[in-house]
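Numbering (full-length UniProt numbering), first residue to last: 1 to 136. Cβ atoms here follow ideal geometry from the backbone N, Cα and C, with glycine treated the same way. Notes follow the structure.
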């Protein structure tokens, strides 16, 4: 990249700019992803469904929910299979000891959360931080 005099060789400046550009774009992408994953999950209700908005969010029809529980203890997480675990925010797919594969939208510093049982046996757990405890 540099010659024996310490000068940048001809044409190497373009390669250096390319490398710095790629690193900068990658860092910006990681920062945006971290900020997005740490945002609070928004939960909305309507006549037909419950909607979890944000990363890994989805709309769950009321007919698909067969069990709703207010739970005080976090499940024991064995591993994150496809999700985000940043600070106290857990979002995405995790494997737990008690329930197997689950989809979590939790803030671990909130003591209570709502567990939604579905026919597909994939448990959905949502923190009560977003005011969902008003349902009970």
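Take residue i and list the residues in its own chain whose beta-carbon comes closer than 8 Å to its own, dropping the five residues that flank it on each side.
| i | result |
| --- | --- |
| residue 86 | 34, 37, 38 |
| residue 98 | 75, 76 |
Can you check which of these residues, the options, is closest to residue i by C-alpha distance?
| i | options | result |
| --- | --- | --- |
| residue 71 | 114, 15, 26 | 114 |
| residue 118 | 112, 44, 102, 43 | 102 |
| residue 55 | 49, 32, 112, 46 | 32 |
| residue 69 | 24, 78, 25, 112 | 112 |
Within a Cβ cutoff of 7 Å, which residues of the same chain sit near residue i, ignoring the five residues on either side of it in sequence?
| i | result |
| --- | --- |
| residue 131 | The predicted position of residue 131 is uncertain, since its pLDDT is 42 and thus under 50; no value can be drawn from it. |
| residue 52 | 41, 43, 58, 105, 126 |
| residue 88 | 107, 108, 109 |
How many angstroms separate the CA atom of residue i from the CA atom of residue j?
| i | j | result |
| --- | --- | --- |
| residue 21 | residue 30 | 14 Å |
| residue 94 | residue 80 | 4 Å |
| residue 47 | residue 109 | 31 Å |
| residue 73 | residue 14 | 55 Å |
| residue 63 | residue 26 | 42 Å |
Anyone know if the C-beta pair for residue i and residue j falls short of 9 Å?
| i | j | result |
| --- | --- | --- |
| residue 100 | residue 90 | no |
| residue 18 | residue 8 | no |
Let me know the beta strand (DSSP E) ranges lying completely inside the stretch 22-106, each 3 residues or longer, listed in chain order. Secondary structure within the stretch 22-106: the beta strand (DSSP E) runs of 3 or more consecutive residues, fully enclosed, are 42-45, 49-53, 58-61, 65-71, 77-86, 89-96 (chain order).
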